[in-house]
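I have placed the structure first, in the form of structure tokens, so that the comments after it can refer back to it.
Numbering (our numbering), first residue to last: 81 to 205.
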């Protein structure tokens with residue numbers, strides 16, 4: 081947490097997100113995950129699986145309630161690094177930047193600036 085700028089960042093070095101185009105939606109999977117509603121695969125309660133969320137809303141709601149939302153991920157299988165910036169509560173976004181990455185470690189980082197006005201706040205206290 082950067083108290084001066086108000087930006088918050090979370091990071092993990094888990095499996096990572098594939099930097100490939102989704103066959104059905106024809107957009108990159110990180111954009112689909114973080115920037116489009118109702119695109120989760122976690123809707124069927126009859127299929128047993130271990131997941132960290134429900135229906136893909138957590139990160140998307142963070143994006144919706146943020147003035148700026150940055151997705152960065154390294155896909156070690158495809159040797160690609162992906163970065164995309166969303167603005168104004170997910171209404172606007174840049175095209176992703178995708179670069180070759182020889183680093184063998186996958187990771188994902190989300191950095192966001194909450195829309196403090198929506199929470200009746202000026203900044204973090």
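The beta-carbon is built from N, C-alpha and C at its ideal position, and this holds for glycine as well.
{"Check": "Beta-carbon within less than 8 angstroms of residue 195's beta-carbon, same chain only, minus the 5 sequence neighbours each way: which residues are those?", "Outcome": "145, 146, 147 and 169"}
{"Check": "Given this structure, state the Cα-to-Cα distance separating residue 172 from residue 116, to the nearest angstrom.", "Outcome": "12 angstroms"}
{"Check": "Could you please give me the residues that DSSP links to residue 188 through a beta bridge?", "Outcome": "92 and 153"}
{"Check": "Which same chain residues, not among the five before or five after residue 91, have their C-beta less than 6 angstroms away from its C-beta?", "Outcome": "189"}
{"Check": "State the Cα-Cα distance for the pair residue 110 and residue 151, rounded to the nearest angstrom.", "Outcome": "8 angstroms"}
{"Check": "Count the other CB atoms within 10 Å of the CB of residue 81; is the residue buried (16 or more) or exposed (fewer)?", "Outcome": "exposed"}
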